[in-house]
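In our numbering, the protein residues as written are 117 to 346.
Here the structure is laid out as structure tokens; the discussion comes afterwards.
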Amino acid sequence: MRKQLPKDFVIGGATAAYQVEGATKEDGKGRVLWDDFLEKQGRFSPDPAADFYHRYDEDLALAEAYGHQVIRLSIAWSRIFPDGAGAVEPRGVAFYHRLFAACAKHHLIPFVTLHHFDTPERLHAIGDWLSQEMLEDFVEYARFCFEEFPEIKHWITINEPTSMAVQQYTSGTFPPAETGHFDKTFQAEHNQIVAHARIVNLYKSMGLDGEIGIVHALQTPYPYSDSSED
């Protein structure tokens, strides 16, 4: 029997700013938690990555040619607010306006993430998602984006909050590379969910025409064996 996808099913690609943009030292972009971490490891550099910052139009044209309908992107918080709060970097704002205009040109609907593993360095230094100040600044950053980019109708608050917390404080694969701190893991995840809820409420209170959600990394656990003990 032939099966069909739902009529409203969409196909697209997905990116994240720090993973594809490169240009980490251009146009006033602030540093993020990964910069020192990667430099000290000496394994690889975030530049040029896929050089999406300069070649986004080519990449979006390819996505259109391959039949994509949507594209998932993220805003680099530190391109807008180099220190996470305070002064706005207009060149960063202008870049995202150009990027979203290019999405429209190539008939791609952007799904935009506000935080994809790239906390500004100043906020990371005071505790990252363990910090109440970080949470408050994140809400204000979201407010700015909602007001500045009304053309965006699909927002994602946070990418994989559990992954962020676990890899920062349990497995130690994300900076600050701590291991076995379950208290910090749970607190960081809790604060991310609180931030998500506050931003969703903000979005609704602003009467914006669109939708907003969160992205989880869902993992399926399997028992070690089929015995009742497992």
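The beta-carbon is built from N, C-alpha and C at its ideal position, and this holds for glycine as well.
Note that the coordinates shown come from a computational prediction; the quantities given were computed from them, not determined experimentally.
Identify the continuous beta strand (DSSP E) that holds His332 and give its terminal residues. Locating residue 332 in the sequence shown gives position 216, where the first residue counts as 1. Run containing His332: none; DSSP gives neither H nor E here.
Rounded to whole angstroms, what's the CA-CA distance from Asp129 to Gly323? Just pull it up for me. As a working note, residue 129 is residue 13 in the sequence shown. As a working note, residue 323 is residue 207 in the sequence shown. The sequence given here has Gly at residue 129, not Asp. Cα-Cα distance, rounded: 29 Å.
Here's the rule: buried if 16 or more other CB atoms are within 10 angstroms of the residue's CB, otherwise exposed. What is Ser190? Mapped onto the sequence shown, residue 190 falls at position 74. Buried: at least 16 other Cβ atoms inside 10 Å.
Reducing DSSP to helix, strand and coil, say where Arg188 ends up. Residue 188 sits at position 72 when you count from the first residue of the sequence shown. Three-state DSSP puts Arg188 in a strand.
Since Ile187 and Ala179 are thought to touch, with beta carbons under 8 Å apart, how far apart are those beta carbons, to the nearest angstrom? Within the sequence shown, numbered from 1, the residue matching residue 187 stands at position 71. Within the sequence shown, numbered from 1, the residue matching residue 179 stands at position 63. Right, the Cβ-Cβ distance comes to about 6 Å (below 8 Å), so this counts as a contact.
Alpha helix (DSSP H) segment containing His312, residue limits: Sequence index remark: in the sequence shown, residue 312 carries index 196 (1-based). It spans Phe298 to Ser321 - the alpha helix (DSSP H) in which His312 sits, taken as one unbroken run.
Over the uninterrupted beta strand (DSSP E) stretch that includes Val126, give me the two end residues. Reading the sequence shown from its first residue, position 10 is the one you call residue 126. Looking at the DSSP string, Val126 is not in any beta strand (DSSP E), and its letter there is neither H nor E.
Note down, one range per segment and in chain order, each alpha helix (DSSP H) of at least 4 residues found wholly within the region 117-185. 133-136, 149-157 and 168-181
How should Lys221 be labelled, buried or exposed, when 16 other C-beta atoms within 10 angstroms of its C-beta is the threshold for buried? Within the sequence shown, residue 221 is the residue found at index 105, counting from 1. With fewer than 16 Cβ atoms within 10 Å of its Cβ, Lys221 is classed as exposed.
Using only the alpha-carbon positions, how far apart do Ala241 and Glu174 sit? Taking the first residue of the sequence shown as position 1, residue 241 is located at position 125. Taking the first residue of the sequence shown as position 1, residue 174 is located at position 58. When rounded, the distance between both Cα atoms is 36 Å.
Can you check the region 242-290 for any beta strand (DSSP E) of at least 3 residues that lies completely inside it and give the ranges in chain order? 270-275
Nearest to Asp325 (by Cα), restricted to the options Ile309, Asp234 and Trp271: Residue 325 sits at position 209 when you count from the first residue of the sequence shown. Out of Ile309, Asp234 and Trp271, Trp271 has the C-alpha closest to the C-alpha of Asp325.
Does the CB of Ala192 have a neighbour CB from chain D at under 9 Å? Although the question refers to chain D, the structure presented lacks it and comprises just one protein chain.
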